[in-house]
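Working notes, structure below.
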Amino acid sequence: MKDRELLQLEETWAEPRGFIGWFKCVHHTSIGRRFVITAFIFFLLGGIEAVLMRIQLARPENTFLGPDLYNQIFTMHGTTMMFLFAVPMMEALGVYLVPLMVGARNIAFPRLNAFGYYIYLLGGIFLYVMFFTGTGPDNGWFSYVPLAGPEYGPGKRADVWAQLITFTELSALVVAVSLIVTVFKLRAPGMSLNRIPLFVWAIVVTAFMIVFAMPTVALGSTCLILDRLVGTHFFNPAEGGDVLLWQHLFWFFGHPEVYIIFIPATGIISAILPTFCRRKIFGYTPLVLSLVATGFIAFGLWVHHMFTTGLPRIAQSFFTAASMMIAIPTGAQIFCWIATIWGTRPRLRPPMLFVLGFFFNFLIGGLTGVMLASVSLDQQVHDTFFVVAHLHYVLIGGSVFPLFAGFYYWFPKMAGRMPGDRLGHWNFWLMLIGFNLTFFPMHQLGLKGMPRRVYAYLPGMGWGGLNLLATLGGVIMTAGVALFLINVFLSLRTGEVAGENPWDAATLEWATSSPPPPFNFDSLPIVAGRDALWDMREGHSGSAAPAVVTGVRGDLREVLVTTVLDAEPDHKTLMPDPSIWPFLSAVATSGLFIGSIFTPWAVPVGAVPVTIALIAWFWPTRKEHLERIEAEQDHGRTPAPPAEPVTQGQA
Amino acid sequence: MNSVRNIIGVALITLALASCERERRRFNEVPPGATANDAVRQSVLQPGAPQPNQHLKSVYEDNAWAVSEGKRLYESFNCVGCHAHGGGGIGPALMDEKWVYGDQPENVFSTIIEGRPNGMPSFRAKITNQQAWEVVAYVRSMSGQLAKDVSPSRDDDMNIKTPEQSKEKEQPVTKAAEHPK
Amino acid sequence: MRSKRRQWTAALLWTVATSGSGCAGVQSALDPAGPQAARINDLWWLMLWTCAGVFAIVISALVAALRRGRAQPAEDAETERKMTKVVAAGVAVTTVILFAFMISDFVTGRALWSLASPDAIIIKVTGHQWWWDFEYQDPIPSHRVRTANEIHIPVGRPVKLEMTSSDVIHSFWVPNLHGKTDLLTGHQTVTWLQADRPGKYRGQCAEYCGHQHAHMAFVVIAEPVGQFNAWFDNERHPAITAANAGQQRGQQIFMSRTCMMCHQIRGTDAGGRSAPELTHLASRESIAAGTLANTRDNLKGWIVDSQRFKPGNKMPSHDLGDEDLNALLDYLESLK
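Protein chains in written order, with this note's numbering: chain A, 86 to 736; chain B, 95 to 275; chain C, 2 to 337.
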């Protein structure tokens with residue numbers, strides 16, 4: 086690539102600067118970075134809430150938190166972690182990494198993607214502002230009716246929860262759409278579907294699951310708000326409604342939700358293992374099939390959250406079978422990963438350590454999950470600390486540990502510096518020991534009769550010792566997370582500067598500088614195998630220099646769109662410029678959502694600014710109009726892009 | 095950026111201190127004006143220059159939880175038996191604009207605690223003052239006197255009346271009973 | 002590698018050791034006193050040992066994978082084929098184990114529902130925020146017995162619970178006897194119980210139901226048939242008439258103050274149904290839904306300032322003079 090062309094690319098794809106410019110950015114790395122940082126802040130807030138709960142439960146009949154505040158805090162903890170941390174963080178990693186991994190210059194629908202981030206941010210801020218003014222939801226993250234209904238949930242707390250769902254659901258859907266289209270239409274030529282990285286597969290499966298699961302909870306929360314605000318009777322048994330309807334609607338979303346959180350983590354594992362074991366992943370096809378199978382089966386499990394509600398037993402048995410069945414693809418994945426490690430001598434750097442921690446913790450969580458799939462056993466341990474133990478083993482073990490592995494792995498790419506190794510080791514061990522010390526005793530607590538969501542327990546129950554142990558574990562785990570933060574700050578300042586590919590990995594995000602320029606790649610790559618960079622290095626493409634795409638303009642935001650299955654070049658299109666309208670639309674939409682908590686009139690009235698903002702968003706500027714005309718004329722003039730890769734030597 | 099951070103910090107602290115009255119749960123307290131009946135006149139006539147009645151704003155009228163407790167007590171203390179769900183029967187309707195003994199919180203409190211001629215029992219010592227004030231707040235919500243976000247919404251029951259929060263605010267008119275029994 | 006493995010083993014053993022603080026307990030699922038809890042307990046141990054075995058095997062494989070190997074692994078077709086066979090075998094074994102679990106669950110499930118019998122005692126359970134309303138059913142209405150927060154059952158006889166809720170969702174759970182079943186509004190759920198040995202089995206609400214979900218407990222007392230019949234006969238009788246002046250004064254206070262507005266004492270004019278029934282209060286183990294032991298001091302504290310023990314609960318605090326309070330306590334203690 087000649088320097089002149091690089092300069093042109095820099096100019097074309099430059100991100101806006103300044104205070105206002107910050108709100109106009111639409112490049113996926115800018116938005117992705119913000120997304121990751123925001124989600125991590127919510128993780129810390131949720132962690133603080135957890136520490137507060139553990140302090141209250143450290144000894145019997147403690148008076149640190151009263152019942153009302155405790156109930157708000159455990160609701161905020163669950164809501165924050167599930168809706169404001171876990172799903173957004175996974176999507177954030179997808180937003181940052183997927184376009185790089187598939188060799189595109191930007192994510193599809195960049196403005197929509199930015200809108201998704203702002204709606205999420207505003208929703209999170211809204212929830213916490215309400216929490217600090219005493220209006221924090223207090224009915225649990227699952228907000229069962231009738232407790233959250235109009236009669237037993239006075240005030241606006243449950244409405245705040247319901248609208249938070251709307252915010253986060255809209256954000257998740259919108260980002261999922263961007264990701265799906267990116268993966269299907271913007272891949273580098275030659276990256277057929279059976280060559281895309283497993284992390285990208287995981288994100289695709291997750292995105293489809295989001296598209297099918299999120300609308301259910303949005304529907305449920307809308308029915309809840311309607312019941313509370315307008316007087317409908319969806320959940321009123323006296324007028325033909327049903328309290329179980331809520332549970333079905335919520336858990337039909339709620340179970341896929343936990344797989345939405347877990348599946349990207351499996352993608353992270355599949356990305357990290359080959360790098361540190363220095364071999365390609367074992368069983369690519371079975372791994373992909375497992376991901377897809379898990380995604381499908383996850384939709385058929387939801388009633389296992391309702392085993393104690395008196396549903397017909399034969400129906401429950403079906404869900405027992407399905408809940409156990411989903412362990413088969415998950416097990417297949419674990420065996421493939423172990424097979425990947427077998428015969429290698431992996432480098433035990435922090436990313437790999439966290440991967441090993443994942444194996445240890447997630448295995449425990451998965452096994453207790455199989456126990457919970459049994460109706461009989463579940464009837465004893467449902468809604469006890471046994472389930473708290475299980476869910477944290479699968480969510481922290483199965484998602485947070487892989488996330489930390491991913492943080493350490495992709496930190497060089499995102500920040501341009503290497504993360505500290507020594508602090509990384511300490512971080513890992515403190516988190517591993519603290520986590521197990523906190524949550525393993527909870528299995529015992531549940532079996533000894535301690536229910537969930539209790540702000541206090543009597544002294545004579547014999548639960549004090551294990552609870553105190555769990556609190557101490559929590560302190561250790563907090564120290565581990567604190568070390569991570571220190572590590573990040575120190576590495577940002579004084580860490581070793583990272584090159585393009587410090588880990589010697591195979592996927593395309595490592596084929597550009599750290600951090601990537603706003604146009605992602607100097608030259609768009611052409612791919613000939615599953616492990617793009619390793620194949621290029623070993624000369625599988627048939628020539629010394631890597632094959633690149635030519636014929637895509639550098640003076641316009643032009644990208645190459647390829648076919649779905651085989652990624653053959655299809656046509657070229659223009660990407661939108663940075664714009665303030667995604668942010669303003671998000672603000673307008675937030676106004677509509679927040680207003681509708683207080684009055685139904687907010688919907689028609691609030692729709693007006695939203696409409697105006699959306700029209701402004703899509704209204705083509707003169708510059709865009711001219712660019713489009715010029716690009717079309719250009720497409721008419723030049724021949725179709727070549728079907729064979731053109732190497733630099735021949736250009 | 096520093097000034098932005100400062101503004102945000104101050105805003106958060108202010109919000110925390112403001113702590114929405116609507117959402118507070120007041121479990122155990124002696125509400126202000128527990129003995130307001132001392133100050134409530136039964137007659138409009140006064141010797142000498144008229145002195146206005148001392149109006150007492152019940153703090154529960156901004157508290158959604160207290161109003162919902164009032165609604166629960168309205169049913170469990172069987173106010174429903176005479177007043178139905180606001181439509182009245184043996185006793186007068188409570189959701190309309192007509193108030194026989196006064197519509198202000200201290201009047202309603204007095205009505206409940208003292209009882210009234212023509213059939214309203216006296217609940218003094220039968221319910222606590224806090225419970226009485228909760229019922230007062232609820233009774234006033236029945237005619238739409240309370241803010242919409244504080245009034246209860248529909249109950250989980252058969253749909254027999256407009257929810258209090260949808261009720262249009264009535265303009266109270268106090269008329270003494272015209273035909274005493 | 003070796004030290005890492007040792008560290009992991011140590012960590013695992015330590016967590017297991019510190020959590021192994023005994024299975025017996027007053028509210029423990031691992032201390033079954035009835036046939037259903039016993040079957041579930043059996044299933045638990047089967048699953049625990051099998052899963053522990055699976056865990057050990059998989060972690061051993063992982064550790065072995067970490068320890069063996071060269072820096073540049075062999076990726077030839079022969080090794081890949083062998084690996085594929087091993088992985089496939091692992092998946093097959095997993096499937097077989099899961100199938101076995103599923104069958105065990107189905108078999109256990111059938112056993113749990115096999116208590117149905119026309120001989121059963123039927124108790125109607127109504128959940129309230131935050132106490133339990135129990136009514137022993139009988140075809141003759143005057144033979145029905147209403148009580149609160151405590152039930153007695155005869156050893157060896159099945160008990161059918163017909164349950165519903167009056168406000169929000171609760172869950173009835175006596176771990177020593179059986180798994181939990183929810184109490185739903187607008188539905189009636191049914192569960193069966195049986196105790197095979199005498200004892201006091203504590204239960205607790207297991208579905209988050211508001212402020213005092215943590216303090217919504219009850220007790221199931223299983224006793225030999227003779228003792229149960231005696232208890233039941235006593236329960237059927239209305240309240241004992243007040244014997245001495247103090248008790249009479251106490252009864253008068255009960256009837257003339259806030260108490261009768263919510264509580265029922267059969268045989269008197271107090272007929273409130275929105276609070277626990279108190280006819281035989283003095284014969285109960287605990288008050289405030291299992292929160293406090295039934296002693297005079299606790300009862301006094303509860304009446305004077307219930308919000309201190311159970312903030313947010315529906316019983317208000319009271320301001321009674323000492324004499325009145327003592328008389329009231331005398332009366333309540335007489336309600337055996």
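By construction, the Cβ of each residue, glycine as well, lies at the ideal position given by its N, Cα and C atoms. What you are looking at is a predicted structure, and each value in this text was computed from that prediction instead of being measured.
Selected residue, minimal CA-CA separation from residue i, among the options
| i | options | result |
| --- | --- | --- |
| I288 (chain A) | A:L178, A:T393, A:K365 | A:L178 |
| Q248 (chain A) | A:T220, A:V266, A:A261, A:L232 | A:T220 |
| P36 (chain C) | C:F102, C:L113, C:F135 | C:L113 |
| V161 (chain B) | B:E264, B:L240, B:I254 | B:L240 |
| T579 (chain A) | A:F337, A:I571, A:G428 | A:I571 |
| I116 (chain A) | A:G676, A:P694, A:P667 | A:P667 |
| F470 (chain A) | A:L264, A:L448, A:A555 | A:A555 |
| Q259 (chain B) | B:D249, B:P266, B:Q265 | B:D249 |
| R82 (chain C) | A:F367, A:E594, A:L522 | A:F367 |
| I345 (chain A) | A:P145, A:A298, A:D312, A:R313 | A:A298 |
| F338 (chain A) | A:A632, A:V172, A:A400 | A:V172 |
| F255 (chain C) | C:I304, C:T51, C:N42, C:I104 | C:I304 |
| H238 (chain C) | C:D325, C:A62, C:K337 | C:K337 |
| H179 (chain C) | C:P312, C:D43, C:S335, C:T280 | C:D43 |
| L517 (chain A) | A:V566, A:V473, A:R502, A:K533 | A:V566 |
| T123 (chain A) | A:S263, A:N198, A:P101, A:Y202 | A:Y202 |
CB contact flag (residue i, residue j, <7 Å)
| i | j | result |
| --- | --- | --- |
| G799 (chain A) | D607 (chain A) | With chain A covering only 86 through 736, there is no way to say anything about residue 799 (chain A). |
| A671 (chain A) | I204 (chain A) | yes |
| G110 (chain C) | S408 (chain A) | no |
| S167 (chain C) | C206 (chain C) | no |
| I310 (chain A) | D244 (chain A) | yes |
| D463 (chain A) | F392 (chain A) | yes |
| A490 (chain A) | P431 (chain A) | no |
| F229 (chain C) | G291 (chain C) | no |
| L188 (chain B) | M252 (chain B) | no |
| S275 (chain C) | S170 (chain B) | yes |
| N177 (chain C) | Y202 (chain C) | yes |
| L283 (chain A) | L142 (chain A) | no |
Where residue i falls: helix, strand or coil (DSSP)
| i | result |
| --- | --- |
| A223 (chain C) | strand |
| G200 (chain C) | strand |
| A294 (chain C) | strand |
| L271 (chain A) | coil |
| D616 (chain A) | coil |
| F217 (chain B) | coil |
| D88 (chain A) | helix |
| K125 (chain C) | strand |
| S287 (chain C) | strand |
| S626 (chain A) | Here the model assigns S626 (chain A) a pLDDT of 49, short of 50, so the residue's position is not dependable, and the following value carries that caveat. Of the three classes helix, strand and coil, the one that applies to S626 (chain A) here is coil, per DSSP. |
| T251 (chain A) | helix |
Near the ligand MG: residue i beta-carbon under 6 Å from a heavy atom
| i | result |
| --- | --- |
| M103 (chain C) | For the structure depicted, the ligand MG is absent and the ligand set is empty, with no information on it obtainable. |
**Q.** Every unbroken alpha helix (DSSP H) inside the segment 657-715 of chain A [4 residues or more]
**A.** Those alpha helix (DSSP H) runs which fall completely within the segment 657-715 of chain A and span 4+ residues are 666-683, 687-703.
Q | Cβ contact (3+ pairs, closer than 8 Å) linking the segment 197-216 of chain C and the segment 530-548 of chain A | A | The segment 197-216 of chain C is in contact with the segment 530-548 of chain A.
Q | Cβ pair count under 8 Å reaching 3, the segment 478-490 of chain A against the segment 439-448 of chain A | A | Counting C-beta pairs with one atom in each stretch, the segment 478-490 of chain A and the segment 439-448 of chain A have three or more that are closer than 8 Å, which means they touch.
Q: Report the residue ranges of all beta strand (DSSP E) runs contained in full by the segment 143-185 of chain C; include only those spanning at least 3 residues, in chain order.
A: Unbroken beta strand (DSSP E) runs of no fewer than 3 residues, entirely contained in the segment 143-185 of chain C, are found at 146-149, 151-155, 160-166, 171-173, 182-184, following chain order.
Q) Of all the alpha helix (DSSP H) runs that stay within the bounds of the segment 345-405 of chain A, which reach a length of 4 or more residues? A) Contiguous alpha helix (DSSP H) elements confined to the segment 345-405 of chain A occur at 369-382, taking only those with 4 or more residues.
Q) Is it true that the segment 522-532 of chain A meets the segment 549-566 of chain A, where meeting means three or more beta-carbon pairs spaced less than 8 Å apart? A) The segment 522-532 of chain A is in contact with the segment 549-566 of chain A.
Q: Take every Cβ of the segment 221-231 of chain A, pair it with every Cβ of the segment 323-335 of chain A, and state whether three or more of those distances are shorter than 8 Å.
A: When C-beta atoms of the segment 221-231 of chain A are compared with those of the segment 323-335 of chain A, three or more pairs fall below 8 Å, so the two segments count as touching.
Q: Decide yes or no for the touch test of the segment 579-597 of chain A against the segment 491-507 of chain A: beta carbon pairs closer than 8 Å, at least 3 of them.
A: Two segments are said to touch when three or more pairs of C-beta atoms, one from each, lie closer than 8 Å; by this definition the segment 579-597 of chain A touches the segment 491-507 of chain A.
Q | Those runs of the alpha helix (DSSP H) which lie wholly inside the segment 542-608 of chain A and span at least 4 residues | A | Counting only runs of 4 or more, we get 549-579.
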